[in-house]
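>
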Amino acid sequence: MARKRNDDEKPAPDRARAVRAADSVERVYARIKDFAIDYRFRPGERINEVELAAELAVSRTPVRAALNRLQRDGFVTAVPNKGFFARELTPEAVRDLYELRAAIERAAFVLACKRATDAEIKAAAEAWTRHSSLKDEGSWAKIAVADESFHRALTKLSKNAQMIGALDGLCARIRFFRRIDLESAPRRDRTYHEHDAIIDALRRRDAADGASLLERHITLSSAHAIEVAARGLARLFPDTAA
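Quick note on numbering: numbering that gives the first Met the number 0 labels position 236 of the sequence shown as 235, and the sequence is numbered without any gaps.
(1) Starting from the C-beta of SER23, find all residues in its chain whose C-beta is less than 8 Å away, skip the five residues before and the five after it, and write them out in chain order.
(2) What does DSSP give as the partner residue(s) for ARG45 in the beta ladder?
(3) Quick test of your reading: ALA123 and LEU99, contact by CB under 8 Å. State the CB separation rounded to the nearest angstrom.
(4) Enumerated in chain order, which unbroken segments of the alpha helix (DSSP H) with a length of 4 residues or greater are wholly contained in the region 102–147?
(5) Excluding the 5 residues flanking ASN159 on each side, which residues of the same chain have their C-beta closer than 7 Å to its C-beta?
(6) Judging by CA-CA distance, which residue of LYS121, ASP146 and ILE225 is the nearest neighbour of HIS216?
(7) Less than 8 Å between C-beta atoms, sequence neighbours within five positions excluded: which residues of the same chain meet that for ILE142?
(8) Comparing alpha-carbon positions, which option in SER211, ILE225, PHE175 and ASP195 lies nearest ASP256?
(9) Can you tell me the Cα-Cα spacing of PRO237 and LEU55, whole angstroms?
(10) By a C-beta neighbour count over all protein chains shown, 10 Å radius and 16 as the cutoff for buried, is VAL27 buried or exposed?
(11) Contact defined as beta carbons within less than 8 Å: I believe ARG230 pairs with ILE179. What is the distance between those atoms, to the nearest angstrom?
(12) Nearest-angstrom Cα distance between ILE225 and ILE173?
(13) In the DSSP assignment, find the alpha helix (DSSP H) that holds VAL62 and state where it starts and stops.
(14) What three-state label does DSSP hand THR154 in the structure shown?
(15) Quick one: using the 10 Å Cβ neighbour count with 16 as the cut-off for buried, is VAL93 buried or exposed?
(16) Which of helix, strand or coil does DSSP assign to THR89?
(17) So if DSSP puts ALA224 in a beta bridge, which residue, or which two residues, is it bridged to?
(18) When the distance is taken between beta carbons, is ALA29 closer than 7 Å to LEU69?
(19) THR218 by DSSP, collapsed to three states: which one?
(20) Consult DSSP for ALA77 and reduce its assignment to one of helix, strand or coil.
(21) Is it right to say VAL75 is buried, meaning 16 or more other beta carbons lie within 10 angstroms of its own, or is it exposed?
(22) Does DSSP put GLU25 in a helix, a strand or coil?
(23) Do you know how far the Cα of ARG204 is from the Cα of LYS113?
(24) Would GLU44 and ALA77 qualify as a contact pair, given that the criterion is a beta-carbon distance under 7 Å?
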């Protein structure tokens, strides 16, 4: 009886084609994800898979695979018999994402106070303070990158893989709003002040104080959510801005 050949026993050309196909899917996924993060697709619009495949110079197969993954990641929605649609941009959606982020980071901070070593806490704090010069430069785009890195570093101190993974996904989904938020000079000033207070609580391993500071630092009020969403819409649709 002939033995079934496994994937590792495929002829070399077949394995090479399989590797190239997998690489193509990953590249297409990364490109389309970048489009979705920056709202290259207008909120609520149907995504034209044929045009997207032509733009990326690939077939529809990797495009469809990427869109299915992005649906699971929360960047697009799928409607039966109609296709994929870009995520909506509403104040409620912005608020909900930030409230979820606050819940994750608050819980992660409590665990970090218990599990992180002194050396790990020092490294996380220094990773942020190295960016202190950006405040004077007014480099809001660079500050947004540094801010995201700081919050991810804090969550990694929890040593909880599920929390780390969940925050990584959320960071991508809110990146557009984080950039807009930090364009404001007063908001940047508050960010530096609040980060200093959070680091101080972490060094003292004061879980209650630090968790409370983080929640206030992250959670958007309804009014702020409306403001950020409105500014985002104005950025995406400048022709309709007042």
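Heads up, the beta-carbon is just placed ideally off N, CA and C, and yes, glycines get one too.
From a predicted model like this one, the values you see are computed outputs, not experimental measurements.
According to the structure shown:
(1) VAL57 and PRO61
(2) PHE84
(3) Not really, about 22 Å apart at Cβ, beyond 8 Å.
(4) 117–128 and 132–136
(5) ALA107 and LEU110
(6) ASP146
(7) HIS130, LEU133, LYS134, LEU181, ARG187 and THR190
(8) In the structure as shown, the chain starts at 0 and stops at 241, and residue 256 therefore has no counterpart that could be examined.
(9) 26 Å
(10) buried
(11) 5 Å
(12) 14 Å
(13) 59–72
(14) helix
(15) buried
(16) coil
(17) Bridge partners of ALA224: none, in fact.
(18) no
(19) coil
(20) strand
(21) buried
(22) helix
(23) 8 Å
(24) no
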